[in-house]
Structures are given as C-alpha cells and as structure tokens.
Amino acid sequence: MEPHLSPSNFHLTKPIRSRSFHSVSLESMAVGTRCDFLIMGAGVAGLRAALELAPHGNVLVVTKESVSESNTHYAQGGIAVAMEGDEDIELHLEDTIAAGDGLVHRPAAQILVSEGPLRVEELIDWGAHFDSKNGRLLRTREAAHSRPRILHANGDATGAEISRSLAAMAHAQSSIHFAEWTTVASLVTEDGRVIGADLLDAENRLHRLSARSVLIAAGGAGQVYSDTTNPAVATGDGIALAAFAGAELADMEFFQFHPTALSLPGVPRFLLSEALRGEGAVLRNDRGERFMERYHPNLELAPRDVVARAVAREGMGSAPGELHPVFLDMRHVIAIDLHMRFPGITAFLAQHALDLHRDLIPIRPAAHYLMGGIRTSLEGRTSLQGLYAAGEAASTGLHGANRLASNSLLEGLVFGARAAQAMLVDALPPEEPHELSAQSMLQTPPIEEIEALISRLQQAMGHFAGLLRDESLLQQGIAAQVEIQSDIDSCTRRNSKITRRLIEAKSLACVAGAILRAALARTESRGAHFRNDFPRRDDAQFLKHSIYRCNQSVAFEPL
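First residue of the sequence shown: 72, per the numbering used here; consecutive thereafter.
This is the structure:
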C-alpha cells in the first residue's frame, strides 16, 4: 500500500515543544494534506492503535499537550490481567460482570479477559517493566477482585511505565508522527462519513487534514466536575466531537467517583490509589470509627461505587452543606514499607507534611472515570462510517454501570488494537483523496470569560449530578447547563477565532448535557448512578443501555 503522506509532505521540522518523537509542524501544512490514519489521543488506546496501524501507512497522533500527558500517565494502581490460565480468566470475567451491576456486555468482557494476557505479554516484550521478585511478577488485589491479579510498575507509577514503553515503540516506527500541543477542533464529514479533521496548533492556527480512517482515543471527561482526579486535558473533547458530528453516545449517566482522593484545602484532588486499600488501608470517620462494615461485607474492598457513597455519607453533617472529615488509615500496616511500595504517593503527601505510616490521611470522593462514551461495536466502530473510538472515550458496554478497578489500562491495550484492525478493514482506498478547504479565524475570545463559564459548569455538575442524585437536582442541573451552553454559544458567535479553551468549554458543556439527561431518564439506582428518589435497581425497566444523540431525548436499548 502506498501511503498518502510521505515525510516530505509532512514537513518534518522541529516539533512545537518536544524533540522526543517524529513530531510535525502544522504551520506549513498545505490545504488538502492527507494522512492514512488519524488518531486523537496519545494514551494507551491511541498508542496501541498507532502501533497496529504503523506497518500499513502513515499515522498521525494528535495530542493537546506532550505525548506523556494523558490519563494513562497518571494511573497509579496497576493493570488487571489474568495470566494464570483458564480458571484465572474465568474469575476475572465474573469479577468484571459482578462489578458492572447487571449492565456489562458479556462479549466485551470476554474479549477483555481473554485477549488481555497476550496484550500484556506483548507490552513486556516491548520493554515495559512491571515490579517483580525473584523473577516472578508481583500481583496485588484491589476492590471487587476475587484474587490478586494487579500488575504494577515502580510501586504506584504503572500508567507512566506503560506510556513510556508504548511511546518508545511508537518512536521507533518511522510511519508514526505526532502533532503535540495540537487540538482537534472539529471532525469533517462527507455523505455521512468522517473523512478528516480540523486541527488547531499552539499558535491558534487552523489546519484541515483528510484521513482514510479516524480514531478517537482522547480519554474521559473528569474536568466536567470541580473535584476530579483527572488531569487538565480530560475535557471530553473526543466524545463531544463525535456527538457534534452525529455519533451516538451510550451510558453517559455512569460516572465513577473514586472514593479516596486527597482532601486538603487548596490542594488538587490527588488520587490515593485503590492499591492502598489492597495493602490493608481502612477508612475512618471523624469519630475514629471504621465504618465500611455498615455498608458492604467486603468492607474497604467493596465495589468503588459502594465505597464512594459510604465515604460521602460519612462526611455529611446534619445541616445542609455541613461536611465532616473522613480518613484513610494505614498506621497499623507494618508488614510492608509503604514508602517503597508507594513512592509517588509518599512523595506527594510529604509535600503536605503527611505520612502513610504516621498520619490519618483526609479523603473525599472525586470524579474519576466515565463508564459511558461514544457507542461502539466490539471492533471500535461508531455509528458514523470512518470514525472509531477506543479506551475511556468509547462505550462497548464493557464496564456496565461500574468499572472494575484496574481494568481501564487493559481495555486501552485490547480495544485500541481491535479498533485499529477495523480501521484497516474499512479504510478508504488510497485512490480517493479528499481536497478540503482551510478556515481562517480572526478575533480571539477573552480568556476570563471562558474560564468563568467552565467554572460555573463544573460547580453546577458537582452540585446537581454528583454521587447522590434526584429529579429536582437533575432538573436544576439541566437548566444550569442550558444557560451555560447558551453563554458559550454566544461567546463563540461574538468571536471569530477559535481557541483550545473555547473548544474545551464547548466539549464540557456537551458532555455535561449528556450526563444530566441520561441520569434524569434512568429512574433507578445502579452502579455509579444513584438516585435518592429511586434507590433500588429496576431490572424490569432498566436492564438496558441509555443511548443519547446530541440535542435529542435519551432512549434505552436492551443488552
């Protein structure tokens, strides 16, 4: 196959801010420039897909910041994988299904646990170093897992190690190029097929690129909430772009809140890994009581949604808005050196005069992972031809209503590769170039106005669509979202120049609208979605996936 885009076409010059990869400068890209495969996102799913596609044409990976800045990079706990044979695989499958509270699409989970060992072995062959002892991989246990199966790297830096090894492999492929500090502004469609994208460079210049296939692997949308463990790049851009183009979204009401994020005034909600509880941490309220026995027989290793709601309830005061502290306690754990086991967490806590061996660590839940996303097949195909999705941006039904801890990194590996294989099958032939016109932008919107709109949206989502929901709260949330969306649209109309932050504001508003409407339509409690006014699970009515189309009502479809 002759690739569309040769290195000379791509003007391989110095990257915008990094010299670590085959980076491209967009400033001199001509109208009508083409690549074979365009990937949005440089996390585990995007990089694994790029490696699958590399032998078959030129691949452009677009990322808003450096290649290392993704949700993957910040994943602490590890990667869940069953590497001890058929029985282990079957147990991993059943744990995944049980955690998903009735909504897991079993074929998706079967693919994850069956193909996962091969993908992890492949990753190890590519140079990923997981923690081991005497030549054997170390495994830990996390919440809702029936046995230890979590591999970790450098104690609590598993995501960073996986990112490093995948990026190193990608760097070695001459056909993979990176557009760092570049934002996808919109998808380009023709006759119902996605055929390219508009890319915004670091200097706010817009460039149009056509592609034979486009993959969205841009991660989740934690920044839609004011309290989140996600990095600043997690603004749901890929999900929103797909929705704007007409793709279906699924299960957007299921947003997982991690139960143990550091809670200190003025300090970001730093993630305190599930692995801490796997190593014996307990949770205590402000009276010093260990409270999880009141909520679940598995105590601190109950499913994440159960633990998160328990922490939230223990922290509620009797008066509206009154909060009491809740703590993670490891002072009794003396069998292991916590500083060596969790070096990253230890170093961050030390910056705030806290120590796992000595102190109670103040915690609160924070938005962590979106189980829903762009609706896809098991091969990553969306409802739009030419558009694919993988990783947290996608919804295969794998996680159901509640993701099993440490399944997300494995999902990126498995379904990133599968999406790439589908892209190869469906790609437009090289003989069909699409000459696309570029756009010109003039006036820049004021930064202060955009930041104020984003802050309003985040505060509204935290208040109206958090861990504990009801009809009144959700209706108020929708009203707030509609008003904020209108203000964002007004800002867009008054300014002819698009910016990354304006794109992010539009994306967050779109994602917020989908979450609120899906949560209002699901009048039951299931997994991460809890309704105070409908506290029980209703299989008769809602053993179904919610389907959302931009600016349309929510529909439900059976498993």
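Beta carbons are placed, not taken as given, at the ideal position from N, Cα and C, and that holds for glycine. Just so it is clear, the structure is predicted and the values come from calculations on it, not from any experiment.
Closest residue to residue i among the options (Cα-Cα distance)
i	options	result
LEU449	VAL175, VAL138, ALA498 and GLU165	VAL175
LEU189	LEU209, GLU155 and GLU360	GLU155
LEU591	THR570, GLY267, LEU539 and THR253	LEU539
LEU280	ALA250, GLY117, GLU463 and SER526	ALA250
ARG489	ALA288, PHE341, HIS395 and LEU394	ALA288
ILE434	GLU522, LEU484, LEU335 and GLY483	LEU335
ALA648	VAL259, SER624 and LEU630	Limits of the chain in this structure are 72 at one end and 630 at the other, which puts residue 648 out of reach.
HIS242	VAL132, PHE326 and PHE108	VAL132
VAL184	GLN294, GLY483 and ALA421	GLY483
GLU360	GLY349, PRO396, ALA346 and PRO330	PRO396
GLU385	ARG355, GLY114, PRO368 and GLN456	ARG355
PRO339	VAL353, HIS423, ILE195 and HIS278	HIS423
Inter-residue Cα distance where the pair is residue i and residue j
i	j	result
GLU642	SER466	Residue 642 is absent from the structure shown; the chain starts at 72 and stops at 630.
ARG119	ALA179	18 angstroms
HIS410	ASP400	15 angstroms
GLY487	GLY451	8 angstroms
ARG276	ARG380	45 angstroms
ASP376	HIS216	14 angstroms
ARG177	HIS600	20 angstroms
ALA531	GLY537	9 angstroms
ARG565	PRO517	10 angstroms
SER479	GLU463	7 angstroms
MET512	ALA589	Only weak support exists for where MET512 lies, its pLDDT of 47 falling under 50; the coordinates are left without a value.
GLY317	LEU458	11 angstroms
LEU164	ILE233	23 angstroms
GLY223	ALA151	One detail in the question is off: residue 223 reads as His in this sequence, not Gly. Whole-angstrom Cα-Cα distance: 9 angstroms.
GLY198	GLU123	17 angstroms
PRO500	GLY263	17 angstroms
ALA460	THR453	7 angstroms
ALA169	VAL496	34 angstroms
GLN327	ARG210	24 angstroms
DSSP-derived helix/strand/coil call for residue i
i	result
HIS470	coil
GLU261	strand
LYS635	No information on residue 635 is available, as it lies outside the stretch 72 to 630 that the chain covers here.
SER99	Interpretation of SER99 is limited by its pLDDT of 43, a score under 50 that renders its predicted location unreliable; no figure is taken from the coordinates.
ARG220	coil
ASP166	helix
HIS638	The question about residue 638 has no answer here: the residues shown for the chain are numbered 72 through 630.
CYS562	helix
GLU345	helix
ALA590	helix
ALA303	coil
ARG375	helix
MET53	Beyond the ends of the chain as shown, which are 72 and 630, falls residue 53; an answer cannot be given.
ARG355	strand
HIS127	helix
CYS621	coil
ASP408	coil
VAL295	helix
VAL133	strand
GLU628	strand
MET240	helix
GLU605	The amino acid at residue 605 is misidentified as Glu; the sequence shows Phe. Three-state DSSP puts PHE605 in a strand.
LEU458	strand
ALA632	As shown, the chain starts at 72 and ends at 630. That puts residue 632 outside it, with no answer to give.
LEU122	helix
PRO330	strand
SER526	helix
Inter-residue CB distance, residue i and residue j (contact presumed, cutoff 8 angstroms)
i	j	result
GLN556	ALA580	4 angstroms
ILE110	LEU286	5 angstroms
LEU343	ILE416	6 angstroms
ASP298	ALA383	In fact, because the Cβ distance is near 11 angstroms, the residues do not count as touching under 8 angstroms.
GLU324	ILE569	The Cβ separation is near 30 angstroms, so there is no contact.
ILE432	LEU370	At roughly 18 angstroms, the Cβ-Cβ gap does not stay under 8 angstroms, so ILE432 and LEU370 are not in contact.
HIS534	ASP322	Not quite, the Cβ-Cβ distance comes to about 22 angstroms (not below 8 angstroms), so this is no contact.
LYS135	THR300	Not confirmed; about 18 angstroms, so no contact.
ASP202	GLY226	7 angstroms
Distance CB(residue i)-CB(residue j) smaller than 8 angstroms
i	j	result
ALA498	SER284	yes
ASP541	ASN603	yes
ALA19	LEU372	For residue 19 there is no data in the structure shown, the boundaries of the chain being 72 and 630.
ARG608	ARG597	yes
GLY307	GLY291	yes
ALA583	GLY171	no
ALA576	ILE618	no
TYR440	ARG412	no
MET494	HIS470	no
ALA256	LEU271	yes
GLU186	VAL485	yes
Neighbour flag for residue i against chain C, beta carbons, 8 angstroms
i	result
LEU469	In summary, chain C is missing from the structure at hand, where a single protein chain is found.
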